[in-house]
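**Q**
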Ligand SMILES: CC(C)(COP(=O)(O)OP(=O)(O)OC[C@H]1O[C@@H](n2cnc3c(N)ncnc32)[C@H](O)[C@@H]1OP(=O)(O)O)[C@@H](O)C(=O)NCCC(=O)NCCS
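In this note's numbering, the protein residues as written are -12 to 147.
Right, here's the structure in full:
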């Protein structure tokens, strides 16, 4: 049964997997960043949709860090979960994990934070359910997301 007080991150978390193909690579044989960003945007949008049950749009890709290259033939695991929600916005965290197809060795290759906004039938921002972080990791991600949202608002204010 749905909790009227909100949803936990695990209720909407999404995990998916791809194989990096040659057409998704750059001339050096590693992943083209744009292909990875498209996967990130899609997996994050699905988590946001699952959280609010409404149409969502990407408002911002707030951070994107390519830590490790991904090579043609690597399996790529994407995990997305809701870190934080405002009134109509949701911050989604995404981890992109490179998995060796033979040994199964896993490395975090890319991380991202994105903001999605839920829209009503008139395409206007509309309220989303609260987020209820439960585990220590979920609580930490929630606190860190709060800091990012606060910093973004302060920066916007300073820039006028
Ligand atoms: C995202 C969008 C709906 C926001 O509309 P808006 O008129 O600025 O709406 P509001 O000012 O009422 O803000 C709505 C929420 O979005 C958040 N928001 C708006 N711009 C943002 C940004 N650049 N970064 C993060 N959050 C943002 C606001 O903080 C607010 O959050 P809250 O309701 O949780 O407090 C609008 O900018 C839009 O349609 N953008 C294009 C989206 C798009 O085409 N994406 C690519 C394809 S999916």
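Don't be surprised by glycine CBs; every beta carbon is placed ideally from N, CA and C.
Please report the residue range of the beta strand (DSSP E) in which residue 70 lies.
**A** DSSP places residue 70 in the uninterrupted beta strand (DSSP E) bounded by 62 to 72.
**Q** Which residues does DSSP pair with residue 38 in a beta bridge?
**A** DSSP, once it has assigned bridges, lists no residue as partnering residue 38.
**Q** Which stretch, first to last residue, makes up the beta strand (DSSP E) that contains residue 124?
**A** In the DSSP assignment, residue 124 falls outside any beta strand (DSSP E) and lies within the alpha helix (DSSP H) extending over 123 to 146.
**Q** Less than 7 Å between the beta carbons of residue 1 and residue 67, yes or no?
**A** yes
**Q** Using CA coordinates, which residue listed in 129, -4 and 21 is at the minimum distance from residue 48?
**A** 21
**Q** Is the beta carbon of residue 74 within less than 6 Å of some heavy atom of ligand 1?
**A** yes
**Q** How many angstroms separate the CA atom of residue 114 from the CA atom of residue 40?
**A** 11 Å
**Q** Would residue 150 and residue 77 qualify as a contact pair, given that the criterion is a beta-carbon distance under 7 Å?
**A** Outside the displayed span of the chain (-12 to 147) sits residue 150, for which this structure offers no information.
**Q** Can you tell me whether residue 148 sits near ligand 1, meaning its C-beta is under 6 Å from at least one heavy atom of the ligand?
**A** Outside the displayed span of the chain (-12 to 147) sits residue 148, for which this structure offers no information.
**Q** Counting pairs of Cβ atoms below 8 Å between the region 121 to 128 and the region 43 to 63, do you hit three or more?
**A** no
**Q** DSSP has residue 3 in a bridge; who is on the other side?
**A** 65
**Q** What number of angstroms, rounded off, separates the C-alpha of residue 134 from the C-alpha of residue 140?
**A** 10 Å
**Q** Over what stretch of residues does the beta strand (DSSP E) that includes residue 148 continue unbroken?
**A** Absent from the structure is residue 148, since the part of the chain shown begins at -12 and ends at 147.
**Q** If you reduce the DSSP assignment to three classes, tell me which class residue -3 lands in.
**A** Look at residue -3 here: in three-state DSSP terms it is helix.
**Q** Taking all protein chains shown into account, do 16 or more other C-beta atoms lie within 10 angstroms of the C-beta of residue 70, making it buried, or fewer, making it exposed?
**A** buried
**Q** Under a three-way DSSP split, which group does residue 114 fall into?
**A** coil
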